[in-house]
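Trainee: Protein chains in written order, with the working numbering: chain X, 1 to 473; chain L, 1001 to 1197.
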Amino acid sequence: MTYPRAHAAGRRTGTTSSRHGGRSAADVRPLVPPRRGPGGRRLLAVLLVGGLLASVLPWWLDTPAGSLRSTAATVTAAGRITGLIAGYLLLVQVLMMSRLRVLEHWVGGERIARWHRDVGATLLVAVLAHVSLILVGYADLEDNSVLTEAGVLLRDHEDMVSAFAAAGILVLVGLTSVRAIRTALPYELWHALHLSSYAVLLLGFGHQFSNGAQLFRPGPVRTGWIAMYALVLAALLWGRVVAPLTFNLRHRLRVADVVAESPDTISIYLTGDRLERLELLGGQFFRWRFLTRGCWWQSHPFSVSAATNGRWLRLTVKVVGAHTAGLRDLEAGTRVWAEGPSGTFTAAHRTRERALLIAGGSGITPIRAMLEELPPGAALIYRARTPADVLLQRELDWLAEARDTAIWYVVGSRDDPGPRQVMSPDGLRRLVPDVAKRDVYLCGPPGLVEQSVRVLRRAGVPRRQIHLATFEL
Amino acid sequence: MRRALFAITGLAASTTVMVVLKGSPGTTAQVAQDLPTGRPPVVPASAGPAPADADRSVAPSRAGGTATPRPSRTATRAPASRPSASSRAPSAPRTTTKPPPAPTTRTVTGPVVENEYGNVQVQITLRGTRIVDVVALELPEETAQSDQRSEQVDGRYSGSSGLVVQRQSAAVDTVSGATATSTSYKRSLQAAIDRAN
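Below is the structure:
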């Protein structure tokens, strides 16, 4: 079924808090945030690639041309190059996860997550290549079998036990991040495993300096390499400890109310101190840690589902796992530890004047917040499997009126004729004739997002105009 | 994911390209000229696996033998105690700063002896027929391990008060755990002595 700006509210089960739901719409800020260009992101990309080249440069300068005459020397050299690259990429990985405000501003959490995934895959390959090439190279040089050589390395070389442990953990972390394996694991287990990658940083540190051909001699290279470690560690400390600490001490967020939006969705309202000074854009997310007995040790990313208004924050959460189920029972006054705000899924990151928003199910939450900050003339397509899955509809309809936004509720399974018709290049163009000239913001289940990107590309929307909200990390 | 594949391919390709560029034999001749004293012929190590095996077999004794008079492993990190990495620098001035008492002082350079860990080249200083100083112009120092072994060998043999000057010959004990480097050292040294006489 397709309802152009229709009122399907009567079909919806669950309750809306008129107290809060009505109010949020009344606080619409006419402000459209200023645009943020890609300059910072490009600068960072250039810096990171420059660093990569600089990390291999010592090998290049140390190795006289024509010196790699035997197979062993060649294989060992390749092992050294991949080792230097792996060492550098590991630092990049940790830096990207340091949650430095600058990085979030320049690149954005979603894109960082994508970079992190791509660099992670490369790092995994680089480490495996480093280990195997060095093993084969050394074994060839000393006329040992590879296994004997592994034993020799472990026994006779300094720091190699911890280095092997680091490689093992890294491979484990890398493999559990392969999408197929990861979806089969509980988030908590995956997260715990991923946290152990800090151990990789620690365990892998020693062998680079005691055995690394380019690093064991004191000199500028060694100093520079240690400086890189110090820099990343400082970034980590700042982004993960100091900045969140100041944020939470300043705002002291606590739960004000928990409201059911639908049978399986809840909204959590938060209050705090000095919220008028909160720099939050609609569509951004925080990592939330609810300080109750069962929940304090996990942090989960949820979008804020209303633009900042200086008085309260709201997040709307679909109950899917053990953790989110526990959120139903939050009591008013519970302290909340928040890290953020993060994300470039905001009106500030648009490239065009108008926008098309496509939401699926609970993916409406960041889009609902963003609607308040987009210039008038936006369009929203809201996909939901059943009418009961349509969330926050009263607010959306209100916003549609207040901000001159066209909203289509497209309800039904993916194979129903209505949704199929809308989610085609022609269907999109019929609803939004100028779709190719708009920024498109997508948030929803992966299936919907992938399908939409395909359709949008065929409808002629350039890739840089397509914005995705992903909470992979 | 496409980008990750791209990055991995780039990693493999650039590693290969770098190794190939550095390994290209066309530039070998130029390197030989870069060596400090490029004239002596390169003597390849005759026994390939034998020294390596010897090195390995005595490895435990080296690990346990703290009695060997050489900088300890941890000292490898301290900037001050690194005589070998710059083995040419600290010992070379000794030959020049020493007041030249007689015009018969001369230096003779041995050939570059190659083994699987790198090259060894020794230079001796003679006053008359007496060896007064030995300097290793080149020692394998590419890896931390071979650098350490070279340091052992250099510390034991080289210098105006080293084993070679004491014995006045190349017949010195092999440094345990560094057989290949010791052997190459002695070979270059012997050639230098032969050339001097």
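Using N, Cα and C, we set each Cβ at its ideal position, and we do this for glycine too.
In this structure, does DSSP put X/V309 in helix, strand or coil?
Mentor: The amino acid occupying residue 309 of chain X in the given sequence is Asn; Val does not appear at that position. In the three-state reduction of the DSSP assignment, X/N309 falls in the coil class, being assigned neither a helical nor a strand state.
Trainee: Below 8 Å on the Cβ atoms is my contact criterion, and I expect X/L291 with X/T334 to pass it. Report the Cβ-Cβ distance as a whole number of Å.
Mentor: 6 Å
Trainee: Could you list which residues in chain X have their beta carbon closer than 8 Å to that of L/Q1145, in chain order?
Mentor: D156, H157 and N211
Trainee: Just the Cα atoms here: how many angstroms apart are X/F285 and X/V449?
Mentor: 18 Å
Trainee: Leaving out five residues on either side along the sequence, give the residues of the same chain with a beta carbon under 6 Å from the beta carbon of L/A1191.
Mentor: G1110 and P1111
Trainee: Going by C-alpha to C-alpha distance, which of L/N1119, L/E1114, L/I1131 and L/V1120 sits closest to L/R1106?
Mentor: It is L/I1131 whose Cα lies nearest to the Cα of L/R1106.
Trainee: Identify whether L/Q1123 lies in helix, strand or coil by the three-state DSSP scheme.
Mentor: strand
Trainee: In whole angstroms, give me the CA-to-CA distance for X/F209 and X/D257.
Mentor: 54 Å
Trainee: Compare the Cα-Cα distances from X/R179 to each of X/L356, X/A121, X/I358 and X/R293 and report the closest residue.
Mentor: X/A121
Trainee: For X/L391, which residues in the same chain have their Cβ closer than 7 Å to its Cβ, ignoring the five residues on either side in sequence?
Mentor: E261, S262, T265, T316, S362 and I364
Trainee: Mapping the DSSP letters down to three states, classify X/Y88 as helix, strand or coil.
Mentor: Helix at X/Y88.
Trainee: Can you pull the chain X residues whose beta carbon is under 8 Å from the beta carbon of L/V1019, in chain order?
Mentor: L68, T74, A77, A78 and I81
Trainee: Using the Cβ count rule (16 or more neighbours within 10 Å means buried), how would you classify L/Q1166?
Mentor: exposed
Trainee: Would you check if there are 3 or more beta carbon pairs closer than 8 Å linking the region 41-58 of chain X to the region 450-459 of chain X?
Mentor: Judged by pairs of C-beta atoms under 8 Å, the region 41-58 of chain X does not touch the region 450-459 of chain X, as fewer than three such pairs exist.
Trainee: Report the residue from X/G377, X/S98 and X/L185 whose alpha carbon sits nearest the alpha carbon of X/R240.
Mentor: Ranking the options by Cα distance to X/R240, first place goes to X/S98.
Trainee: Kindly indicate which residue of L/S1160, L/Q1148, L/Q1152 and L/T1143 has the alpha-carbon position closest to the one of L/Q1123.
Mentor: L/S1160
Trainee: Could you name the residues of chain X that L/R972 contacts, counting a contact when the two beta carbons are closer than 8 Å?
Mentor: The requested residue 972 of chain L does not occur in the structure, where chain L is confined to residues 1001 to 1197.
Trainee: Is the separation between the beta-carbon of X/L154 and that of X/V161 shorter than 8 Å?
Mentor: yes
Trainee: Scan the region 360-437 of chain X and note each continuous alpha helix (DSSP H) run of 4 residues or more that stays entirely inside, going in chain order.
Mentor: 364-371, 393-402, 417-422 and 425-431
Trainee: May I have a chain-ordered list of the alpha helix (DSSP H) segments no shorter than 4 residues that lie completely inside the region 1126-1174 of chain L?
Mentor: Runs of the alpha helix (DSSP H) lying entirely within the region 1126-1174 of chain L and spanning at least 4 residues, in chain order: 1144-1157 and 1163-1167.
Trainee: Check whether chain X comes within 8 Å of L/E1142, counting only Cβ atoms and requiring the distance to be less than that.
Mentor: yes
Trainee: Once you ignore the five residues that flank X/L193 on each side, which residues in its own chain have a CB closer than 7 Å to its CB?
Mentor: L172, V173 and T176
Trainee: I'd like to know if L/T1183 contacts chain X, where contact means its C-beta is closer than 8 Å to some C-beta of that chain.
Mentor: no
Trainee: Going straight from the alpha carbon of X/L124 to that of X/L170, what length do you get?
Mentor: 7 Å
Trainee: Determine the chain X residues that contact L/L1011 at a beta-carbon separation under 8 Å, and present them in chain order.
Mentor: Within chain X, the residues near L/L1011 are T82, I85, T122, V125, A126 and A129.
Trainee: From this set, L/A1196, L/R1002, L/V1020 and L/Q1148, which residue's C-alpha is nearest L/G1128's C-alpha?
Mentor: Answer by Cα proximity: L/A1196.
Trainee: Mind checking if L/S1024 is an interface residue toward chain X, Cβ cutoff 8 Å exclusive?
Mentor: yes
Trainee: Going by beta carbon distance, what residues of the same chain come within less than 6 Å of X/E104, once the five residues before and after it are set aside?
Mentor: S342
Trainee: Taking DSSP's pairing of strands, which residues face X/Y269 in a bridge?
Mentor: Residue pairing by DSSP places X/Y269 opposite X/D257 and X/R314 in a beta bridge.
Trainee: Tell me the residue span of the alpha helix (DSSP H) that contains X/T148.
Mentor: V146 to D156
Trainee: Would X/L90 and X/G204 be called neighbours here (beta carbons separated by less than 8 Å)?
Mentor: yes
Trainee: Quick one: what does DSSP say X/R117 is sitting in, helix, strand or coil?
Mentor: helix
Trainee: Around the C-beta of X/W59, are 16 or more other C-beta atoms found within 10 angstroms, so that it is buried, or is it exposed?
Mentor: buried
Trainee: Given 7 Å as the limit, tell me if X/V241 has its C-beta closer than that to any heavy atom belonging to the ligand COA.
Mentor: In the structure on display, the ligand COA does not appear, and there are no ligands present to speak of.
Trainee: From this set, L/A1180, L/K1186 and L/A1178, which residue's C-alpha is nearest L/A1171's C-alpha?
Mentor: Considering only alpha carbons, the answer is L/K1186.
Trainee: How many angstroms separate the CA atom of X/Q93 from the CA atom of L/A1012?
Mentor: 19 Å
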